[in-house]
Amino acid sequence: MTALTSPLGRLRWTFTDGFTLIGRELGRLRNDPGELIVALIFPAVMVVLFGYVFGSAIQVPGGGDYREYLMPGLFAMVTFSALMGVMTRMAGDASRGVMDRFRSMPMARSAVPFGQTGADLLTGLLMLAIMVAAGLLVGWRPHHGLVPTTQAFLLMIVLRYALSWAGVYVGLAVKNDQIANALVPLFLPFTMLSNAFVPTGGMPGWLRFLADWNPVSALTAATRHLFGNPGAPSANAVWPLAHPVATVLLWSAALLVIFVPLSLRAYSRKGR
Amino acid sequence: MAEPIVIAEGLHKSFGDTHALHGLDLSVPKGTVCGVLGPNGAGKTTAVRILATLSDPDAGHARIAGYDVVRDAAQVRARIGLAGQYAAVDEKLTGRGNLRMFARLSHLSRREAHRRADELLDRFSLMDAADRQVSGYSGGMRRRLDLITSLILRPDVLFLDEPTTGLDPRSRGQIWDSVRELVADGTTVLLTTQYLDEADQLADDIAVIDHGRVIATGTPDELKATIGDRLDVELEDPAALPAAATVLEALAGAEPTTTDDRLTVALPATGLRLADIVRELDRAGVAAADVRLRRPTLDEVFLRLTDQKEPVR
Ligand SMILES: Nc1ncnc2c1ncn2[C@@H]1O[C@H](COP(=O)(O)OP(=O)(O)O)[C@@H](O)[C@H]1O
Ligand SMILES: [Mg+2]
Numbered sequence: 001m002t003a004l005t006s007p008l009g010r011l012r013w014t015f016t017d018g019f020t021l022i023g024r025e026l027g028r029l030r031n032d033p034g035e036l037i038v039a040l041i042f043p044a045v046m047v048v049l050f051g052y053v054f055g056s057a058i059q060v061p062g063g064g065d066y067r068e069y070l071m072p073g074l075f076a077m078v079t080f081s082a083l084m085g086v087m088t089r090m091a092g093d094a095s096r097g098v099m100d101r102f103r104s105m106p107m108a109r110s111a112v113p114f115g116q117t118g119a120d121l122l123t124g125l126l127m128l129a130i131m132v133a134a135g136l137l138v139g140w141r142p143h144h145g146l147v148p149t150t151q152a153f154l155l156m157i158v159l160r161y162a163l164s165w166a167g168v169y170v171g172l173a174v175k176n177d178q179i180a181n182a183l184v185p186l187f188l189p190f191t192m193l194s195n196a197f198v199p200t201g202g203m204p205g206w207l208r209f210l211a212d213w214n215p216v217s218a219l220t221a222a223t224r225h226l227f228g229n230p231g232a233p234s235a236n237a238v239w240p241l242a243h244p245v246a247t248v249l250l251w252s253a254a255l256l257v258i259f260v261p262l263s264l265r266a267y268s269r270k271g272r
Numbered sequence: 001m002a003e004p005i006v007i008a009e010g011l012h013k014s015f016g017d018t019h020a021l022h023g024l025d026l027s028v029p030k031g032t033v034c035g036v037l038g039p040n041g042a043g044k045t046t047a048v049r050i051l052a053t054l055s056d057p058d059a060g061h062a063r064i065a066g067y068d069v070v071r072d073a074a075q076v077r078a079r080i081g082l083a084g085q086y087a088a089v090d091e092k093l094t095g096r097g098n099l100r101m102f103a104r105l106s107h108l109s110r111r112e113a114h115r116r117a118d119e120l121l122d123r124f125s126l127m128d129a130a131d132r133q134v135s136g137y138s139g140g141m142r143r144r145l146d147l148i149t150s151l152i153l154r155p156d157v158l159f160l161d162e163p164t165t166g167l168d169p170r171s172r173g174q175i176w177d178s179v180r181e182l183v184a185d186g187t188t189v190l191l192t193t194q195y196l197d198e199a200d201q202l203a204d205d206i207a208v209i210d211h212g213r214v215i216a217t218g219t220p221d222e223l224k225a226t227i228g229d230r231l232d233v234e235l236e237d238p239a240a241l242p243a244a245a246t247v248l249e250a251l252a253g254a255e256p257t258t259t260d261d262r263l264t265v266a267l268p269a270t271g272l273r274l275a276d277i278v279r280e281l282d283r284a285g286v287a288a289a290d291v292r293l294r295r296p297t298l299d300e301v302f303l304r305l306t307d308q309k310e311p312v313r
């Protein structure tokens, strides 16, 4: 055992413990393939449901194939699922005493939040890969070459990581897995109230305002732009949609700046 | 004499208006089992959480093996194990998976973690269930897994917060056996419980707590001695009850409790001889079918100390 007292030792253990927690996530998936199957089927259902059922009735602004328009929205949805996923995992551990066991062990204080967010990044990449495969199957393509395509995926990954920190904090704050599970259904209206599935142009004014400023819309617009998929925002769009890449980066930075320290504090706080 | 391995002095902790701890003192000598006995809400969990560095006291201090639980929390954590009232393990992992994970998080090497997991599973008879998901375990198996998870680093001090609450008698027996084995290895155990028989069975010393403070301490026998022996009298004729009650009240200085043809009274700790009692009853013309002196049970001690209406168990 190396001491946790030197900063270097702490850093090393934060990584080692983080990997152990990633291994834990993989073990959970292995033991409970149901979760994995849901994760596999979910994208397929979404692609079929939106791409073929709704898609037949939706007009893409500026023309173009609806499924090409849809895929960036689904990628954004998968990205934002990090918030809910990490939140429920943290709240589950907190309410079942697992968090207290971690806290009573000689671990680095930062190991659990870093480990959980790292583990989510891994499962998130897996989900994204499945979604990409589903998209390719139904005819979605990136059109702008390697560099913008890579940038689009990096953007999703960066935002996902930042969102997972918000999930850590909210999970630690609610502490109760029943409350956390009750919050999960909010995810759907939050992601739907955006440009991910339908153009915002036809929405009533106040709804459109919310949808245009929703970060889901910014991410969707940014990746549509980078992939060269249809549905680019109109010239007089609000600032976040006119500058979607910058907006996503700003959101990511803001989330990290706010929630990393808050989460670390919430994890080491002793109250009860 | 060496310093006790667990010391708490004047611990205070409030949650809003609730004084969960109100000047709690504890001291546990190395290698012994201390039973912290108290009804629901007495402050047992609050005390354990402070000793296990999960919560800071508002006032007072505590040391484990000489390390302050607030200032030297990291040192304390390296020396303790905690098994709470609920099984704090990952339901979706197997028993072995849980032990390996917690062993790795305790910074054992991968090989060492695997070895230690198997060793613990084997020793505490969970090997058969080692590769099953914990969600399929019985309540008793979960608690046992929780208990052995806290043993990974061979802690000097083990905190067990109500380790058998809600378990069936057989599972309780298995947990008790596990605790006895640990004690034989020299582990110091601080065990909270609402069950008197549990404290009686396992503890060298008992601290009875209520409303956040210790109201009595001692070995189980010492505690029983504090309230003196009990005198049970069974009458041949229930009609003699009032006369018998008068005699017993005069002898014991307390009103006996009566049921049908029986009287029970606590005797003063000074003690009375059976012969004297029988003679006094004779003189009053009371015919007794049976007169017995007996030691009080811990239940009676506990009821007396905590002024509870209902027996705890
Ligand atoms: N987090 C908390 N917030 C408010 N009150 C609490 C909290 N934890 C414990 N209490 C109160 O403190 C008292 C002692 O609780 P606890 O230590 O859990 O008792 P025990 O473990 O002996 O049953 C109880 O009255 C309980 O309601
Ligand atoms: Mg309790």
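Taken in order, these protein sequences are the chains called H and X.
Letter 106 of the first sequence, counting from 1, is numbered 106 in full-length UniProt numbering, and no numbers are missing.
Letter 117 of the second sequence, counting from 1, is numbered 117 in full-length UniProt numbering, and no numbers are missing.
Even for Gly, the Cβ is constructed at its ideal location relative to N, Cα and C.
Because the structure is a prediction, the values reported are computed rather than measured.
Chain X residues whose Cβ lies nearer than 8 Å to that of Val98 (chain H): Counted from its first residue, the first sequence places residue 98 (chain H) at position 98. Going along chain X in sequence order, the residues near Val98 (chain H) (Cβ under 8 Å) are Ala88, Val89, Asp90.
Expected contact under 8 Å - CB spacing of Leu160 (chain X) and Ala83 (chain X) to nearest Å: Here residue 160 (chain X) refers to the residue found at position 160 when the second sequence is read from its first residue. Here residue 83 (chain X) refers to the residue found at position 83 when the second sequence is read from its first residue. Leu160 (chain X) to Ala83 (chain X), Cβ: 5 Å. Contact.
Separation of Pro57 (chain X) from Arg77 (chain X), as counted between CA atoms: By 1-based counting over the second sequence, the position of residue 77 (chain X) is 77. By 1-based counting over the second sequence, the position of residue 57 (chain X) is 57. One C-alpha to the other measures close to 16 Å.
For Val138 (chain H) and Leu210 (chain H), the rounded distance between their alpha carbons: For the purposes of this step, residue 210 (chain H) is identified with residue 210 of the first sequence, where counting begins at 1. For the purposes of this step, residue 138 (chain H) is identified with residue 138 of the first sequence, where counting begins at 1. Those two C-alpha atoms are separated by around 30 Å.
Local conformation of Thr187 (chain X) per DSSP, three classes: Indexing the second sequence from 1 puts residue 187 (chain X) at position 187. Coil, per DSSP.
Asp210 (chain X) CB to nearest heavy atom of ligand 2 below 8 Å: On the second sequence, position 210 is the one that residue 210 (chain X) refers to. The answer is no for Asp210 (chain X).
Closest Cα partner of Leu108 (chain X) within the set X:Glu3, X:Leu151, X:Ser171, X:Val265: By 1-based counting over the second sequence, the position of residue 108 (chain X) is 108. When each option's Cα is compared against that of Leu108 (chain X), the closest is X:Leu151.
Given His61 (chain X) as reference, the closest of X:Leu21, X:Arg100, X:Gly218 once Cα atoms are compared: Walking along the second sequence from the start, residue 61 (chain X) turns up at place 61. Out of X:Leu21, X:Arg100, X:Gly218, X:Leu21 has the C-alpha closest to the C-alpha of His61 (chain X).
Contact test: Thr25 (chain X) Cβ vs ligand 1 heavy atom, cutoff 8 Å: Here residue 25 (chain X) refers to the residue found at position 25 of the second sequence. It should be pointed out that residue 25 (chain X) corresponds to Asp in this sequence rather than to Thr. Outside the cutoff, so no.
CB contact below 9 Å: Arg213 (chain X) versus chain H: On the second sequence, position 213 is the one that residue 213 (chain X) refers to. Closer than 9 Å: no.
Nearest neighbour of Leu125 (chain H), chosen from H:Gly145, H:Ala111, H:Leu154, H:Thr223 [CA to CA]: Numbered from its first residue, the first sequence carries residue 125 (chain H) at position 125. Closest option to Leu125 (chain H), Cα to Cα, is H:Leu154.
Classification of Ala284 (chain X) by the beta-carbon crowding that lies within 10 angstroms, buried from 16 upward: Counting from 1 along the second sequence, the entry for residue 284 (chain X) is found at position 284. Counting the other Cβ atoms within 10 Å of the Cβ of Ala284 (chain X) gives fewer than 16, which makes it exposed.
Closer than 9 Å to chain H by CB, Phe102 (chain X): Residue mapping note: residue 102 (chain X) aligns to position 102 of the second sequence, counting from 1. Against chain H, the CB of Phe102 (chain X) has a partner CB under 9 Å away; the residue lies at that interface.
Chain X contact for Phe114 (chain H) (CB, 9 Å cutoff): In the first sequence, the residue the question calls residue 114 (chain H) occupies position 114. It does not; no Cβ of chain X falls within 9 Å.
Minimum C-alpha distance to Val245 (chain H) - residue among H:Thr117, H:Gly18, H:Gln151, H:Ala44: The residue given as residue 245 (chain H) occupies position 245 in the first sequence. Minimum Cα distance to Val245 (chain H) is reached at H:Gln151.
Near ligand 1: Asp100 (chain H) beta-carbon under 8 Å from a heavy atom: The residue labelled residue 100 (chain H) in the question sits at position 100 within the first sequence. For ligand 1, not one heavy atom lies less than 8 Å from the Cβ of Asp100 (chain H).
Neighbour-count burial assignment, Ser260 (chain H), 16 or more Cβ in a 10 Å radius: Position 260 of the first sequence, counted from the first residue, corresponds to residue 260 (chain H). According to the sequence provided, residue 260 (chain H) is Val. The question's Ser does not apply to it. Classification of Val260 (chain H): buried, given that the 10 Å Cβ count is 16 or more.
Distance cut 5 Å, beta-carbon to ligand 1 heavy atom: residue list by chain order: Counting every residue whose Cβ lies closer than 5 Å to a heavy atom of ligand 1, we get H:Arg272, X:Phe15, X:Thr18, X:Ala20, X:Asn40, X:Gly41, X:Ala42, X:Gly43, X:Lys44, X:Thr45, X:Thr46.
Sequence ranges, beta strand (DSSP E) only - wholly within the segment 122–146 of chain H, length at least 3: none
Any chain H beta carbon closer than 9 Å to Leu251 (chain X): Here residue 251 (chain X) refers to the residue found at position 251 of the second sequence. No, its Cβ sits nowhere closer than 9 Å to a Cβ of chain H.
Tyr52 (chain H), buried or exposed, once every other Cβ within 10 Å from all chains shown has been counted against 16: Residue numbering aside, residue 52 (chain H) sits at position 52 when the first sequence is read from its first letter. Under this definition Tyr52 (chain H) is an exposed residue.
Opposing strand residues paired with Tyr67 (chain X) [DSSP bridges]: Position 67 of the second sequence, counted from the start, is the residue given in the question as residue 67 (chain X). Beta-bridge pairing links Tyr67 (chain X) to X:Ile64.
Beta carbon proximity, Asp17 (chain H) to chain X, threshold 9 Å: Numbered from 1 along the first sequence, position 17 holds the residue referred to as residue 17 (chain H). So yes, Asp17 (chain H) belongs to the interface.
Whole-angstrom C-beta distance between Ser194 (chain H) and Thr220 (chain H), which should lie under 8 Å: Here residue 220 (chain H) refers to the residue found at position 220 when the first sequence is read from its first residue. Here residue 194 (chain H) refers to the residue found at position 194 when the first sequence is read from its first residue. Yes, Thr220 (chain H) and Ser194 (chain H) are in contact; Cβ-Cβ is about 6 Å, under 8 Å.
Contact test: Glu198 (chain X) Cβ vs ligand 2 heavy atom, cutoff 8 Å: Along the second sequence, one-based indexing puts residue 198 (chain X) at 198. Not so, every heavy atom of ligand 2 lies at least 8 Å from the Cβ.
Any non-hydrogen atom of ligand 2 within 8 Å of Thr164 (chain X) CB: In the second sequence, residue 164 (chain X) corresponds to position 164, counting from 1. No, since every heavy atom of ligand 2 falls outside the 8 Å radius drawn around the Cβ of Thr164 (chain X).
Close-in-space but distant-in-sequence residues of the same chain around Ile175 (chain X) (CB under 8 Å, 5 per side omitted): Mapped onto the second sequence, residue 175 (chain X) falls at position 175. Gly140, Arg143, Arg144, Leu147, Pro163, Thr164, Leu167.
Nearest residue (CA-CA) to His144 (chain H), options H:Phe197, H:His225, H:Trp239: For this step, residue 144 (chain H) is matched to residue 144 along the first sequence. Out of H:Phe197, H:His225, H:Trp239, H:His225 has the C-alpha closest to the C-alpha of His144 (chain H).
Cβ pair Val179 (chain X), Ala243 (chain X) closer than 9 Å: Position 179 of the second sequence, counted from the start, is the residue given in the question as residue 179 (chain X). Position 243 of the second sequence, counted from the start, is the residue given in the question as residue 243 (chain X). No; because the gap between Cβ atoms is not below 9 Å, this pair is not in contact.
Check: Asp161 (chain X) C-beta below 8 Å from any heavy atom of ligand 2: Position 161 of the second sequence, counting from 1, holds the residue named residue 161 (chain X). Yes, since a heavy atom of ligand 2 falls inside the 8 Å radius drawn around the Cβ of Asp161 (chain X).
Interface residues of chain H facing Val77 (chain X) [CB-CB closer than 7 Å]: Position 77 of the second sequence, counted from the start, is the residue given in the question as residue 77 (chain X). Rather than Val, the amino acid found at residue 77 (chain X) in this sequence is Arg. Neighbours of Arg77 (chain X) on chain H, chain order: Ser104, Met105, Pro106.
Rounded Cβ spacing between Val189 (chain X) and Val33 (chain X) (contact assumed at less than 8 Å): Indexing the second sequence from 1 puts residue 189 (chain X) at position 189. Indexing the second sequence from 1 puts residue 33 (chain X) at position 33. Going by Cβ atoms, the distance from Val189 (chain X) to Val33 (chain X) rounds to 4 Å, so yes, they are a contact pair.
Local Cβ density within 10 Å of Thr2 (chain H), reported as buried at 16 or more and exposed below that: In the first sequence, the residue the question calls residue 2 (chain H) occupies position 2. The predicted model places Thr2 (chain H) with a pLDDT of 48, which falls under 50 and marks its position as unreliable; any figure quoted below should be read in that light. Per the 10 Å Cβ criterion, exposed.
Three-state secondary structure (DSSP) of Ile50 (chain X): Locating residue 50 (chain X) in the second sequence gives position 50, counting from the first residue. Looking at Ile50 (chain X) - three-state DSSP - the assignment turns out to be helix.
Whole-angstrom distance between Phe114 (chain H) and Arg63 (chain X), CA atom to CA atom: Walking along the second sequence from the start, residue 63 (chain X) turns up at place 63. Walking along the first sequence from the start, residue 114 (chain H) turns up at place 114. Distance between the alpha carbons of Arg63 (chain X) and Phe114 (chain H) is about 31 Å.
Residue interval of the alpha helix (DSSP H) (run including Leu256 (chain H)): Residue numbering aside, residue 256 (chain H) sits at position 256 when the first sequence is read from its first letter. According to the DSSP assignment, Leu256 (chain H) belongs to the alpha helix (DSSP H) that extends over 244–268.
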